[in-house]
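Trainee: Taking the UniProt record's numbering, the leading residue of the sequence shown gets 1, the next gets one more, and so forth.
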Amino acid sequence: MSCDKCDCHDYYLVKRKNVKNGYLLICKKCGHQHSLLANTIFQDSNLSLLKILIGLYVFFNSNNGVNGNQLDNYVDANVKTARKFSKKCRILMAESNNSKILQSSFYEIDILEIGGHHKGKRGKDSENKQPTLLILSTLEDNNYPQYVKLHTLPNYKGEPIEEYLKEKCLFDPTIVINCDRDKAFFCLNKLAQLENSVVDYTKENHKLKWLNTFTGNIQSNINHLYRLVKKRDLPLFLSEQEWRINHRYSGKRIMDKVKKYISMSTPVTFKQITNSVLAYEKQFLSA
């Protein structure tokens, strides 16, 4: 810790009575007080510091994810508080994802249809399904998967797909994009070499093998682990799945990364989170 006023690194740790997260760092040189969670996303949290640390460890170290009913058992809080805490963790994951730009010689892309089983229209343009773009970078053609990007789409047209790929991936004429024979991908031949052909999924090492594996895992986690995810909340759940896949080899370094995310975060109230997802629902899902 470095004091904001005098840049001193020596401090006292003081606990205020009857105050949640009431720990203060007091500079030994000038006496300036610093709160551990001040000006972070967990400022004014209903959970104590110990419960926040336990919740962070459980949430970020889970392989598939943790729902509110599971998390409330770990942090000894009600489900509503656990869900608020989970949303803030997903925001941290989303901020980390936004800074990541994919760079590879090979990309695999597909459109997922995320949603449960309901009556009504099936397949594309179903009101019960949310089209989601999945991008996978691989070290070699159809082998050695590296990183993914997930992004909800307003429709099945090529324009929003092309715009997102330009924003989140680096391209040159030598790069190869592998995909199935979907008309929405035809416009991507302007960015790189497009390998757009029918995939035979009966073969053992079929094309898009790893993309298909990640697709199954993502859909299973969202549909079965969390259940009843609303479309307006889906981007945060997708950000969580993207983060977990991209950090699957982080191991002991995960908590160091979480510390960095929190230090770079800013305070956010649950009302602000709700307003942002409502704005997404109004502007994006009605497109």
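Cβ coordinates follow ideal geometry from the N, Cα and C atoms, glycine included.
#1: Is the beta carbon of I114 less than 8 Å from the beta carbon of Q103?
#2: Per the contact definition of three or more C-beta pairs closer than 8 Å, is the stretch 49–58 in contact with the stretch 192–211?
#3: Going by other Cβ atoms of all chains shown within 10 Å of its Cβ, with 16 needed for buried, is P173 buried or exposed?
#4: Check whether the Cβ atoms of T152 and T138 lie closer than 8 Å to each other.
#5: Take L194 and list the residues in its own chain whose beta-carbon comes closer than 6 Å to its own, dropping the five residues that flank it on each side.
#6: Take L170 and list the residues in its own chain whose beta-carbon comes closer than 6 Å to its own, dropping the five residues that flank it on each side.
#7: Is it true that the stretch 148–162 meets the stretch 220–228, where meeting means three or more beta-carbon pairs spaced less than 8 Å apart?
#8: Name the DSSP beta bridge partners of F106, please?
#9: Could you tell me the distance, in whole angstroms, from the CA atom of F186 to the CA atom of N196?
#10: Within its chain, find whatever has a CB closer than 6 Å to the CB of I41; leave out the 5 residues flanking it on each side and keep chain order.
#11: If you run the structure through DSSP and keep just helix, strand and coil, what is E242?
#12: State the start and end residues of the unbroken alpha helix (DSSP H) segment that holds S263.
#13: Nearest CA to the CA of L165: which residue from D110, S48, E140?
#14: L47 and H34 - do their beta-carbons sit closer together than 8 Å?
#15: Can you check which of these residues, L53, I26, S239, is closest to K259 by C-alpha distance?
#16: Using only the alpha-carbon positions, how far apart do K84 and A38 sit?
#17: Return helix, strand or coil for L24, following the three-state DSSP convention.
Mentor: In terms of the structure at hand:
#1: Sequence index remark: in the sequence shown, residue 114 carries index 114 (1-based). Sequence index remark: in the sequence shown, residue 103 carries index 103 (1-based). No, they are not a contact pair.
#2: Contact annotation: the stretch 192–211 does not touch the stretch 49–58, with fewer than three C-beta pairs closer than 8 Å.
#3: In the sequence shown, counting from the first residue as 1, residue 173 sits at position 173. Of the other Cβ atoms in all chains shown, fewer than 16 fall within 10 Å of the Cβ of P173; this residue is therefore exposed.
#4: Here residue 152 refers to the residue found at position 152 when the sequence shown is read from its first residue. Here residue 138 refers to the residue found at position 138 when the sequence shown is read from its first residue. Cβ atoms of T152 and T138: not closer than 8 Å.
#5: Position 194 of the sequence shown holds residue 194. Within the same chain, L194 has close Cβ partners I177, L188.
#6: In the sequence shown, the residue the question calls residue 170 occupies position 170. Hits under 6 Å: Q103.
#7: Contact between the stretch 148–162 and the stretch 220–228 is absent, because fewer than three Cβ pairs lie under 8 Å.
#8: Position 106 of the sequence shown, counted from the start, is the residue given in the question as residue 106. Paired residues: T138, V176.
#9: Sequence index remark: in the sequence shown, residue 186 carries index 186 (1-based). Sequence index remark: in the sequence shown, residue 196 carries index 196 (1-based). Those two C-alpha atoms are separated by around 8 Å.
#10: Walking along the sequence shown from the start, residue 41 turns up at place 41. These residues qualify, in order along the chain: K88, S265, V268.
#11: As a working mapping, residue 242 is identified with position 242 in the sequence shown. Looking at E242 - three-state DSSP - the assignment turns out to be helix.
#12: The count along the sequence shown starts at 1 and reaches residue 263 at position 263. Where S263 is concerned, the enclosing alpha helix (DSSP H) starts and stops at 254–264.
#13: Taking the sequence shown and counting its residues from 1, the one referred to as residue 165 is at position 165. The shortest Cα separation from L165 among D110, S48, E140 belongs to D110.
#14: Counted from its first residue, the sequence shown places residue 34 at position 34. Counted from its first residue, the sequence shown places residue 47 at position 47. Not closer than 8 Å, so no.
#15: Counted from its first residue, the sequence shown places residue 259 at position 259. Distance check between K259 and each of L53, I26, S239 places L53 closest, using alpha-carbon atoms only.
#16: Numbered from its first residue, the sequence shown carries residue 84 at position 84. Numbered from its first residue, the sequence shown carries residue 38 at position 38. Taking the straight line from one Cα to the other gives about 18 Å.
#17: In the sequence shown, residue 24 corresponds to position 24, counting from 1. If DSSP states are grouped into helix, strand and coil, L24 belongs with the strands.
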